[in-house]
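If you read the sequence shown in the UniProt record's numbering, its first letter stands for residue 1, the second for the next number, and so on.
Ideal Cβ positions, reconstructed from N, Cα and C, are used throughout, including at glycine.
Everything below concerns the one structure shown next.
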Amino acid sequence: MNDRWWIALALGLASGLLGGCGVEDSLPSPPELFPVTGKVTVQGEPLAEAVVTFLQVDEKGTLAVGETQEDGTYILSHVGTPGAAAASYKVAISYLVGEDGTIYGLGPRSGLAKPHGMLSAKELIPQEWSDLGIAEHVVEVPEGGGVIDLDIDVPLLPPPPPASPSGFETSAEPSPEADSPESEDDADHDEPPAPDLGAEPAAESADSPEGAPSPEPDESPAADEATGSP
1 MNDRWWIALA LGLASGLLGG CGVEDSLPSP PELFPVTGKV TVQGEPLAEA
51 VVTFLQVDEK GTLAVGETQE DGTYILSHVG TPGAAAASYK VAISYLVGED
101 GTIYGLGPRS GLAKPHGMLS AKELIPQEWS DLGIAEHVVE VPEGGGVIDL
151 DIDVPLLPPP PPASPSGFET SAEPSPEADS PESEDDADHD EPPAPDLGAE
201 PAAESADSPE GAPSPEPDES PAADEATGSP
């Protein structure tokens with residue numbers, strides 16, 4: 001079940017109990033509360049402005065909630081009163097971040113009118129820690145209270161992408177010149193390079209039959225004397 005539903009239920013119950021003027025006689029007596037504090041970390045690093053929810057696992061189903069400070073510490077409260085009843089609790093931790101980077105803690109969630117940006121906010125804590133419907137993290141609040149530290153052993157999910165002012169996607173469009181089919185066709189139809197007119201073609205021309213005729217051997221008497229021929 002979605003964690004937002006559970007948190008809304010918890011806050012709704014708390015608001016209903018606080019606003020129940022004139023029906024005190026029909027309400028059950030409040031449980032004895034004990035101070036409960038602790039620190040929330042994500043893989044050892046403190047997490048600020050996260051909402052911590054304790055749901056009692058017995059038939060009473062009482063709730064206690066808190067919000068982490070800059071150093072990750074929290075203090076539980078039950079219906080606006082600091083403390084929690086001695087019992088076993090299922091624990092969920094929620095960290096809502098909007099598209100503009102706003103973190104929605106306990107204050108914005110407890111109001112009747114939710115901020116507009118909260119509707120598109122994203123839960124950055126994986127469901128095994130943030131959804132009370134599937135979370136399996138159970139802690140015990142003893143008589144007299146105590147300190148309950150909670151370390152989320154998985155990394156946070158990536159934040160939502162920033163919203164574009166115009167409502168369109170902010171991703172950059174590919175360059176039409178770089179990716180267009182016309183550019184690729186032009187590259188495939190480039191003119192071949194000019195033939196090499198260097199030394200090798202010149203040598204072939206000199207040896208070819210169409211080249212200049214070779215000089216005839218000199219058969220004069222002077223040439224015979226020079227070669228020793230009779």
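- Rounded to the nearest angstrom, the gap between the Cα atoms of residue 42 and residue 72 is 10 Å.
- The Cβ atoms of residue 38 and residue 147 lie closer than 8 Å to each other.
- Straight-line spacing of the CA atoms in residue 66 and residue 164 works out to 33 Å.
- Linking residue 40 to residue 114 through their CA atoms gives a straight-line distance of about 25 Å.
- In this structure, the CA atom of residue 87 is about 25 Å from the CA atom of residue 49.
- In this chain, the beta strand (DSSP E) harbouring residue 38 covers 36-42.
- Rounded to whole angstroms, the separation of the alpha carbons of residue 110 and residue 64 is 13 Å.
- A straight-line Cα-Cα distance of about 11 Å links residue 162 and residue 121.
- In this structure, residue 124 lies near residue 156, with their beta-carbon atoms less than 8 Å apart.
- Straight across, the Cα-Cα distance linking residue 103 with residue 151 is about 20 Å.
- By a beta-carbon distance limit of 8 Å, residue 80 does not contact residue 33. Their separation comes to about 11 Å.
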